[in-house]
Amino acid sequence: MEFGIPKEVRDLESRVGLTPAGVSSLVRHGHTVYVEKNAGVAAGFSDETYRTSGAQIVYSAAEVYGRSEVIVKVTRPTADEHVFFNPGQTLIAFLHLAVASHDFIDALAAS
Numbered sequence: 003m004e005f006g007i008p009k010e011v012r013d014l015e016s017r018v019g020l021t022p023a024g025v026s027s028l029v030r031h032g033h034t035v036y037v038e039k040n041a042g043v044a045a046g047f048s049d050e051t052y053r054t055s056g057a058q059i060v061y062s063a064a065e066v067y068g069r070s071e072v073i074v075k076v077t078r079p080t081a082d083e084h085v086f087f088n089p090g091q092t093l094i095a096f097l098h099l100a101v102a103s104h105d106f107i108d109a110l111a112a113s
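In the working numbering, each number is its position in the sequence shown, counted from 1, plus 2.
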């Protein structure tokens, strides 16, 4: 399976969807992990650390979403990120649907 870790784009968000240890575990089990360049920097993880853990570093969110079956994020996608989703793609994230707008929920369901 192919996992994608995009850089979080919400203001003040310093977390990342998967740590290098998580990447290493997935890769050891035969999965491929794509990490957007600098996705882990705010959390203290360099691209080189991800690369050493077995991730492939890619250079845009579009590339992460385009190559991955499963997207792992911390926060719910922004309206700008919805354009990247592909049919049948799985999202793992804290969605906080109780406070999400109806437009967000409708867009998420449509994607």
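Ideal Cβ placement from N, Cα and C applies to all residues, glycine included.
No experiment lies behind these values; they were computed from the predicted model shown.
Opening and closing residue of the alpha helix (DSSP H) in which residue i lies
i: Tyr36; result: Tyr36 -> not in any alpha helix (DSSP H); beta strand (DSSP E) instead, spanning 34-38.
i: Glu50; result: 49-54
Continuous beta strand (DSSP E) stretch holding residue i: start and end
i: Leu93; result: 92-96
i: Val66; result: That residue, Val66, is in no beta strand (DSSP E); its alpha helix (DSSP H) goes 63-69.
i: Glu4; result: 4-7
i: Val60; result: 58-60
Helix, strand or coil at residue i [DSSP, three-state]
i: Thr21; result: coil
i: Thr77; result: strand
i: Val101; result: helix
i: Val72; result: strand
Nearest neighbour of residue i, chosen from the options [CA to CA]
i: Phe87; options: Glu65, Asp49, Asp105, His98; result: Glu65
i: Gly19; options: Asp105, Pro89, Arg69, Pro79; result: Pro79
i: Lys39; options: Gly56, Phe5, Val60; result: Val60
Within the chosen definition, does the segment 38-52 reach the segment 5-16 through at least 3 CB pairs nearer than 8 angstroms? As far as the Cβ criterion goes, the segment 38-52 touches the segment 5-16, which means the pair count is three or higher.
The segment 59-74 touching the segment 92-99, judged by at least three CB pairs closer than 8 angstroms: Flag = yes, the segment 59-74 and the segment 92-99 touch.
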